[in-house]
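Undergrad:
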Amino acid sequence: MDGTGKVLVAVRGLSVAYTLANGSRIPAVDDLSLAIGSEEIVGILGESGCGKSTLANALLRLLPAGAVCEQGEILFRGRNLLRMSERELRAIRGREVTFVPQDPALSLNPVLSVGSQVAEILRAHLPLGRKQRRARVLELLGEVGFVRPEEIYDAYPHQLSGGQRQRIAIAQAVACRPALLIADEPTSKLDAPLQEEIVALLAQIRRKHGTAILVISHDPAMFAGFIDSIAVMYAGKIVEIGNTAQILRQPLHPYTQALVEMAKSAVGAPVRTHFASIEGESPNPAAFPVGCRFEPRCRERMEICVQRYPPSFVPMPARPVSCFKYGE
Ligand SMILES: Nc1ncnc2c1ncn2[C@@H]1O[C@H](COP(=O)(O)OP(=O)(O)OP(=O)(O)O)[C@@H](O)[C@H]1O
Ligand code: SF4
Ligand SMILES: [Mg+2]
0 MDGTGKVLVA
10 VRGLSVAYTL
20 ANGSRIPAVD
30 DLSLAIGSEE
40 IVGILGESGC
50 GKSTLANALL
60 RLLPAGAVCE
70 QGEILFRGRN
80 LLRMSERELR
90 AIRGREVTFV
100 PQDPALSLNP
110 VLSVGSQVAE
120 ILRAHLPLGR
130 KQRRARVLEL
140 LGEVGFVRPE
150 EIYDAYPHQL
160 SGGQRQRIAI
170 AQAVACRPAL
180 LIADEPTSKL
190 DAPLQEEIVA
200 LLAQIRRKHG
210 TAILVISHDP
220 AMFAGFIDSI
230 AVMYAGKIVE
240 IGNTAQILRQ
250 PLHPYTQALV
260 EMAKSAVGAP
270 VRTHFASIEG
280 ESPNPAAFPV
290 GCRFEPRCRE
300 RMEICVQRYP
310 PSFVPMPARP
320 VSCFKYGE
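Residues 0 to 327 in numbering that gives the first Met the number 0 are what the sequence shown lists, from first letter to last.
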């Protein structure tokens, strides 16, 4: 636990499943536990479809129809978000827990100026007059890196670049000084130099305001030098947790090892979103095997790996890993 050492969010035994029209159940998040400390930056790392966005949406209680939190709890400052009324949630969402989307082009309203869209967040949550609100928006636009905030205030989303739109989404997300900001693949639509700028901006926000941040990515390289700890997700479960330097230098789980290896081989690519994938495919979520879910793709598989799901072993201090290489 970094930052102040206090736990801000504790996810315990969370399971979220989708029910498809044909009746099959997709356990997208399966008995998952995770803690985020105050002022900590935590990364969720995993391939497409492993359940990262489902976890993020569950934290915001913004799951689509058909998705149900079947068990577990999400404690925010000790209070279970899953038990809160819509009214209680509205006071938290957008104010204390906020969201930066993957593609702000989809979340910004094309017919409103971007300044008014940041102001709208303030209007919904803080008792500010119109002038105060405008002044605060200009301040926020400066904070997220715009050198001429007045000009940007009146711009429309289509007049801005992808990187600028992402800065607007971040201005919205930090407008009320949240305790936790959730960023779901915040740089995957941007090319490499812009990715670094957005990452630097998020790091600066944490430094300046002590905001805890949960960042989702499928690219381990995005986390280097920025994230305190990484939770690696595979097929709905966290398979390994550790501080970032440890995970990147000495990954323990064969899946993490493969992800880190691939990221290294992709260094220098202009756009880091399409590096080669690990050989083999994730298991069908409608019929997960009883054993280790990575087993069909694992070069180190053993007999026990197909018999039951590996529990969490702790081969090094603060390095839980679900793999039979480390126990039994
Ligand atoms: N609305 C939905 N209805 C049914 N199944 C869904 C829905 N959204 C996601 N899923 C399924 O849940 C699982 C987890 O999906 P999720 O979007 O959380 O993964 P992800 O890790 O965010 O993937 P990506 O990196 O592609 O964004 C996948 O099997 C996916 O097909
Ligand atoms: S439990 Fe077995 S199959 Fe799974 S990652 Fe470890 S060695 Fe590979
Ligand atoms: Mg996703």
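Built from N, CA and C at the ideal position, the CB exists for glycine as well.
These numbers were taken from a predicted model, which means no experiment stands behind them.
If you count every other CB in all the chains shown that lies within 10 Å of the CB of His273, and 16 or more means buried, which is it?
TA: Only weak support exists for where His273 lies, its pLDDT of 39 falling under 50; the coordinates are left without a value.
Undergrad: Within 7 Å: the Cβ of Arg132 and any heavy atom of ligand 2?
TA: No, the Cβ of Arg132 stays beyond 7 Å of every heavy atom of ligand 2.
Undergrad: The alpha helix (DSSP H) with Asn56 in it runs from where to where?
TA: Lys51 to Leu58
Undergrad: Which residue marks the beginning of the alpha helix (DSSP H) containing Val71, and which one marks its end?
TA: The question names Val, yet the displayed sequence has Gly at residue 71. Note, Gly71: premise wrong, no alpha helix (DSSP H); beta strand (DSSP E) at Ala66 to Phe75.
Undergrad: Taking three-plus beta-carbon pairs below 8 Å as touching, is the segment 49 to 61 in contact with the segment 225 to 243?
TA: yes
Undergrad: Pick out the complete beta strand (DSSP E) segments inside the segment 102 to 187, 3 residues or longer, and give them in chain order.
TA: Correct list: 179 to 183.
Undergrad: Taking all protein chains shown into account, do 16 or more other C-beta atoms lie within 10 angstroms of the C-beta of Lys263, making it buried, or fewer, making it exposed?
TA: exposed
Undergrad: What three-state label does DSSP hand Lys263 in the structure shown?
TA: helix
Undergrad: Out of curiosity, what's the CA-to-CA distance linking Ala317 and Gly326?
TA: Distance between the alpha carbons of Ala317 and Gly326 is about 16 Å.
Undergrad: Mapping DSSP to helix, strand and coil, what is Leu44?
TA: strand
Undergrad: On the DSSP bridge list, what partners appear for Glu239?
TA: Val231 and Val320
Undergrad: Could you spell out the range, first to last residue, of the alpha helix (DSSP H) harbouring Ile204?
TA: Ala191 to His208
Undergrad: Counting beta carbon pairs with one atom in the segment 154 to 166 and one in the segment 109 to 123, are three or more of them shorter than 8 Å?
TA: yes
Undergrad: Suppose the cutoff is 7 Å on Cβ atoms and the five residues either side in sequence are ignored; what does the same chain contact list for Thr18 look like?
TA: Closer than 7 Å at the Cβ level, and outside the excluded window around Thr18, lie Arg24 and Gly65.
Undergrad: Would you kindly work out how many angstroms separate the C-alpha atoms of Ala268 and Val214, rounded to a whole number?
TA: Bear in mind that a pLDDT of 45 at Ala268, under 50, signals an unreliable position, so the model cannot answer this.
Undergrad: Below 8 Å on the Cβ atoms is my guess for Phe98 versus Ile181; work out the distance and round it to an integer in Å.
TA: 5 Å
Undergrad: Do Pro185 and Gln165 count as a contact pair if the criterion is CB distance below 8 Å?
TA: In this structure, Pro185 lies closer than 8 Å to Gln165 by Cβ.
Undergrad: Counting only the same chain and skipping the five closest in sequence on each side, list residues whose C-beta sits under 8 Å from that of Asn56.
TA: Leu62, Pro63 and Ala66
Undergrad: Which term fits Pro126, buried or exposed, when burial requires 16 or more other beta carbons within 10 angstroms of its beta carbon?
TA: So Pro126 counts as exposed.
Undergrad: Is Val320 near Phe312, with beta carbons less than 8 Å apart?
TA: Yes.
Undergrad: Quick check: does the Cβ of Lys236 come within less than 7 Å of any heavy atom belonging to ligand 1?
TA: Not so, every heavy atom of ligand 1 lies at least 7 Å from the Cβ.
Undergrad: Please tell me whether, using a cut-off of 7 Å, the distance from the CB of Gln49 to the nearest non-hydrogen atom of ligand 2 is below it.
TA: The residue asked about is misnamed: residue 49 is Cys in this sequence, not Gln. No, the beta carbon of Cys49 sits no closer than 7 Å to any heavy atom of ligand 2.
Undergrad: Could you tell me which residues DSSP pairs with Pro26 in its beta bridges?
TA: Ala16
Undergrad: Give me the Cα-Cα distance between Ala244 and Ala223, rounded to the nearest whole angstrom.
TA: 7 Å
Undergrad: Classify Ala223 as helix, strand or coil using the three-state DSSP reduction.
TA: coil
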